[in-house]
Amino acid sequence: MFVKDEKKFEETLESLQLLKPEQLEMVRIESARSGKDFESVIRDLNLLDPELLIKAKAISMNLPYIDLSSTNIDDSVLNYFTKDLAQKYMAVPFGFTGGNISVAMTDPNDVQVIEFIEKKSGYPVSPYMASENSIKKVIGQYQDISGEVGEALKEVDLGPKIEIKNSDDSQNLAQDAPVTRALNTILEFAAKSLASDVHIEPREKQIKVRYRIDGVLHDTMNLPSHILPALVSRIKILSNMKIDEHRVPQDGRFDISIDGRAIDLRVSLSPTVYGEKVVIRLLDKSGGVITLEQLGIRGRAYNIIEAGTKRPHGMILSTGPTGSGKSTTLYALLTKMNKPEVNIITLEDPVEYQIDGVNQIQINTQVGLTFASGLRSILRQDPDVIMVGEIRDAETAGLAVQSALTGHTVLSTLHTNSAAGVLPRLLDMDIEPFLIASTVSTVIGQRLVRRLCVKCKEAYKASPSLMAAIKKDLAGLLPNKKDSDVTEKLENLGYENLPFNDDPEFTLFRAKGCEDCRNTGYQGRIGIYEVFPVSNIMEKLLLTHATTSEIQDAAVKEGMITMRQDGFLKALTGITSIEEVVSKATEY
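Start counting the sequence shown at 14; every next residue gets the next number (my numbering).
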């Protein structure tokens with residue numbers, strides 16, 4: 014939709030102070046030179062945020078404006094017309110007031126589209142102007158699963174409210190075909206959407222089902238609240254939980270197969286004020302184990318980790334919050350170290366990937382097989398490499414350190430905010446400083462960021478202020494064109510097609526959205542890392558019980574590329590966006 018009154022549009026930009034006078038003058042000159050309209054020139058020069066540009070455009074044309082980019086629309090509103098209709102006409106419903114449907118459109122003056130929507134929906138339309146990106150975000154909220162699950166639950170929906178009186182009733186109800194079909198559909202859709210978690214959350218008047226895809230939770234559907242007992246009971250039966258226990262949290266697991274893919278489901282159940290909430294974590298075992306390169310480890314970090322795997326003994330520790338990919342990193346290390354002459358034994362909870370040639374042990378606390386007791390046992394199995402899924406307590410930490418001291422390579426994970434936090438954390442677990450210095454060889458800190466969709470990512474020129482911020486963070490890392498050690502610096506970073514520090518501008522990429530990425534602009538995830546070896550300087554710091562910040566400073570002085578810097582390098586090469594890096598790798 015083009016601006017009809019260019020003069021008024023220009024005046025609006027000026028009155029709202031969205032562009033500086035010199036920028037407006039530059040747009041005028043470029044518009045006259047190229048013959049392009051004002052809006053196109055502003056977009057080409059990337060002078061204004063797209064949402065602000067649409068807002069100014071709407072004001073200049075006396076049209077109501079709406080930004081839906083961060084709004085979740087209720088399913089009952091979305092269902093006023095279909096997803097196909099929304100995609101065809103770039104128009105989505107977002108409210109219903111006074112008998113009218115409020116519809117966001119890229120062209121609110123298109124009378125034919127408005128009349129068609131009114132005819133299809135049966136209601137008058139109140140049109141609003143919205144950006145294409147904003148509308149695509151709403152289109153991404155349409156889910157075909159709602160109809161499928163609703164169809165499966167028709168028989169349950171039409172019955173009276175269900176109350177569970179005893180475990181026999183629960184079991185009979187949970188075997189009810191509609192409930193079974195509904196759960197199967199929910200899990201199948203989660204697997205096909207590559208969701209990592211399914212949240213089934215009881216609310217006051219409904220059950221909310223949400224999927225975590227690429228680390229972000231998405232509202233997927235609402236279910237009638239009275240089917241909660243049946244749904245939860247079905248999950249309890251499959252997970253081998255106590256059906257008649259509703260007061261305490263429970264954990265369980267079961268397996269499913271979808272399209273030939275073996276998927277392990279870990280189930281966590283907690284009582285809430287409106288009923289029992291279920292979180293199901295999905296682990297696709299058919300994907301195989303990826304390599305360090307595929308994880309996103311590059312340059313100096315890769316070389317340090319590789320050197321750590323070649324040492325005959327010592328500890329390699331991966332750290333980060335829950336869900337940051339620590340276990341996947343350990344599996345990549347195991348794959349690299351897995352050779353016929355090496356005896357590898359693991360202690361895991363659960364065994365996530367099965368690796369040929371590796372002896373993997375599943376922790377079972379109910380029979381007394383814990384990380385600590387298992388570690389004592391496997392030391393008598395003549396291992397060369399030991400992987401302990403997680404160091405959770407002082408006993409396991411002590412045994413892991415002793416194992417590394419006695420000639421074994423030990424891989425494990427810890428929960429800390431940064432790589433530098435590992436050493437103080439071990440001190441907190443009462444490990445002597447000299448033992449930490451003698452055993453820990455390599456420390457890895459990591460987070461996961463979303464990958465930009467390769468089909469729809471959009472290039473843009475960084476603003477001067479953003480360029481300055483990136484250069485400040487990457488000070489000393491990016492080479493200048495006249496540097497004598499350009500090749501060495503680039504090899505240290507490990508990324509191709511990086512800009513030079515003295516380039517006049519940087520090209521970045523942002524999320525746009527298409528059908529392939531569910532209109533999110535992102536598809537899949539990749540790690541951002543910081544890695545350092547425990548050097549002589551680190552050993553001295555340990556003896557003085559140095560703080561995390563002191564160890565961090567020492568690691569950076571010795572050449573460590575921080576997670577934030579690694580993220581910016583990935584943003585500069587088009588792997589992810591600046592927004593993702595800033596949100597996941599804040600300063601610490």
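By construction, the Cβ of each residue, glycine as well, lies at the ideal position given by its N, Cα and C atoms. Bear in mind the structure is a predicted one, so any value in this text is a computation, not a measurement.
Of the candidates 582, 83, 362, 125, the residue whose Cα lies closest to the Cα of residue 383 is 362.
No Cβ-Cβ contact shorter than 8 Å links residue 539 with residue 575.
Here residue 332 is buried: its Cβ has 16 or more other Cβ atoms, across all protein chains shown, within 10 Å. Closest in C-alpha terms to residue 593, from the list 537, 392, 560, 357, comes 537.
When secondary structure is reduced to three states using DSSP, residue 303 falls in the coil class, being assigned neither helix nor strand.
Taking residue 297 as reference, the option from 364, 356, 236, 351 with the minimal CA-CA separation is 364. Residue 499 counts as exposed, since fewer than 16 other beta carbons sit within 10 angstroms of its beta carbon. Distance from residue 514 to residue 491 at the Cβ level is roughly 4 Å; contact confirmed, criterion being Cβ atoms closer than 8 Å. DSSP places residue 341 in the helix class (H, G or I) of the three-state scheme. Pairing residue 587 with residue 470 gives a Cβ-Cβ distance under 8 Å.
With respect to the 8 Å criterion, residue 374 and residue 387 are classified as neighbours on the basis of their beta carbons. Counting along the chain, the unbroken beta strand (DSSP E) around residue 328 starts and ends at 327 to 332. In the three-state reduction of the DSSP assignment, residue 148 falls in the helix class, which pools H, G and I. Less than 8 Å separates the beta-carbon of residue 105 from that of residue 152.
Leaving aside the five residues that flank residue 304 on each side, the residues in its chain whose CB is nearer than 8 Å to its CB run, in chain order, 345, 348, 349. Classified as exposed, residue 558 has fewer than 16 neighbouring CB atoms from the shown chains inside 10 Å of its CB. Under the 10 Å beta carbon count, residue 146 is surrounded by 16 or more other beta carbons and is classified as buried. For the options 211, 236, 232, 226, the alpha carbon positioned closest to that of residue 220 is the one of 236.
The beta carbons of residue 474 and residue 518 sit closer together than 8 Å. The count of Cβ pairs closer than 8 Å, one atom from the region 55 to 73 and one from the region 20 to 36, reaches three, so the stretches are in contact.
Contact check for residue 134 against residue 93 passes: the beta carbons are separated by less than 8 Å. Taking one beta carbon from each stretch, the region 460 to 467 and the region 432 to 444 have fewer than 3 pairs nearer than 8 Å; the two do not touch. DSSP, read as helix, strand or coil, puts residue 596 in helix. For residue 422, the pairing in a beta bridge is given by DSSP as 327, 398. Linking residue 39 to residue 59 through their CA atoms gives a straight-line distance of about 12 Å.
In terms of Cβ geometry, residue 243 and residue 192 form a close pair [threshold 8 Å].
If you ignore the 5 residues before and after residue 444, its C-beta comes within less than 7 Å of the C-beta of 410, 411, 414, all in its own chain and listed in chain order. At a Cβ-Cβ threshold of 8 Å, residue 328 and residue 452 count as neighbours. Around the beta carbon of residue 218, fewer than 16 other beta carbons sit within 10 angstroms, so the residue counts as exposed. When DSSP states are grouped into helix, strand and coil, residue 467 belongs to the coil group.
Taking all protein chains in view, the Cβ of residue 46 is surrounded by fewer than 16 other Cβ atoms within 10 Å, so the residue is classified as exposed. Using a Cβ distance threshold of 8 Å, residue 571 and residue 548 count as a contacting pair. In the three-state DSSP reduction, residue 474 falls in the strand class (E or B). Per the Cβ contact rule, the region 202 to 214 is in contact with the region 280 to 299 (3 or more Cβ pairs under 8 Å).
Around the beta carbon of residue 379, a 10 Å sphere encloses fewer than 16 other beta carbons of the protein chains shown; the residue is thus reported as exposed.
The DSSP-derived three-state label of residue 240 is helix.
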